[in-house]
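Just below is one structure, and these are the notes that go with it.
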Amino acid sequence: YLHDLTILFPDIREERKEKLMEVAHFIRLKLEASKPAKLVFICTHNSLRSHFAQVWTTVAAHYVGIQSIEAYSGGTEATAFNPRAVASLKRAGFMIDNPDGSNPEYTLRYDCSAMPISCFSKTFDDSINPQRNFAAIITCSDADANCPLVPGAELRVPITYRDPKEWDNTRQEEAIYDERCQQIATEMAYMVRQVQETDNPC
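Under our numbering, think of the first position of the sequence shown as 7, with each following residue one higher.
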């Protein structure tokens with residue numbers, strides 16, 4: 007899945023590439039200082055887009071062999087990981103355990119040599135997330151407007167995505183969720199790749 011995404015890199019708009027490069031530069035500086043690069047992806051409900059970004063950043067870093075990127079997610083409020091988004095990740099190839107409940111903590115597996123990813127809805131300042139020395143990446147326009155300051159963040163970059171929930175209960179629903187999943191996977195893979203190729207962007 008990740009290998010096939012590289013052919014989509016040229017389709018990323020230049021203004022989005024610039025923002026992704028900002029985050030890549032932050033990561034590179036941290037790694038050059040032998041420090042972990044901590045990224046917190048933030049959307050309003052921490053139910054969909056921020057999870058997609060956390061998951062795909064983690065997988066992309068593992069894929070290219072960068073060990074010190076730590077991806078987290080949170081919202082301005084907590085709800086639950088959207089089951090339609092979970093289903094989209096399953097279609098992309100993840101093995102996912104669902105313990106049920108009102109805000110279940112899903113376990114995502116993607117490689118037998120990698121630690122599984124834990125996903126549940128939380129606020130961005132939850133104790134599980136870093137409280138300082140991190141980059142905040144805002145993945146929805148609502149959070150961008152309502153969260154202009156992220157305490158403890160060294161860098162704040164809006165990289166927003168259209169909400170696939172607009173297509174819930176339509177014939178296009180599944181296709182749009184998969185499209186958004188792929189878009190975020192592509193852009194996070196591009197971003198991680200630029201950590202290694204900052205001087206020669208795709």
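Ideal Cβ positions, reconstructed from N, Cα and C, are used throughout, including at glycine.
Distance CB(residue i)-CB(residue j) smaller than 7 angstroms
i	j	result
Thr-145	Arg-55	yes
Thr-85	Ser-53	yes
Tyr-196	Gly-99	no
Ala-30	Val-201	yes
Met-194	Ala-43	no
Ile-190	Ala-59	yes
Val-46	Asn-152	no
Phe-32	Leu-161	yes
Ala-141	Ile-48	no
Thr-192	Leu-14	yes
Tyr-6	Ser-74	In the structure as shown, the chain begins at 7 and stops at 208. Residue 6 is therefore absent and cannot be evaluated.
Asp-106	Thr-113	no
Ala-149	Thr-63	no
Val-61	Val-198	no
Gly-158	Arg-186	no
Residue i, DSSP secondary structure in three states
i	result
Arg-199	helix
Ile-13	helix
Ile-33	helix
Glu-111	coil
Leu-26	helix
Glu-193	helix
Residue i - partner residues in DSSP beta bridges
i	result
Lys-41	None; Lys-41 has no bridge partner.
Complete runs of the alpha helix (DSSP H) confined to the region 49 to 104 [at least 4 residues]
Correct list: 55 to 70, 89 to 97.
Start-end ranges of the alpha helix (DSSP H) lying completely within the region 105 to 181, minimum 4 residues
147 to 152
Check whether the region 122 to 131 touches the region 75 to 90, counting contact only when three or more Cβ pairs, one atom from each stretch, lie closer than 8 angstroms.
yes
Is the region 131 to 138 close to the region 55 to 72, with three or more CB pairs under 8 angstroms?
no
Please determine if the region 106 to 118 and the region 162 to 182 are in contact, where contact requires at least 3 C-beta pairs separated by less than 8 angstroms.
no
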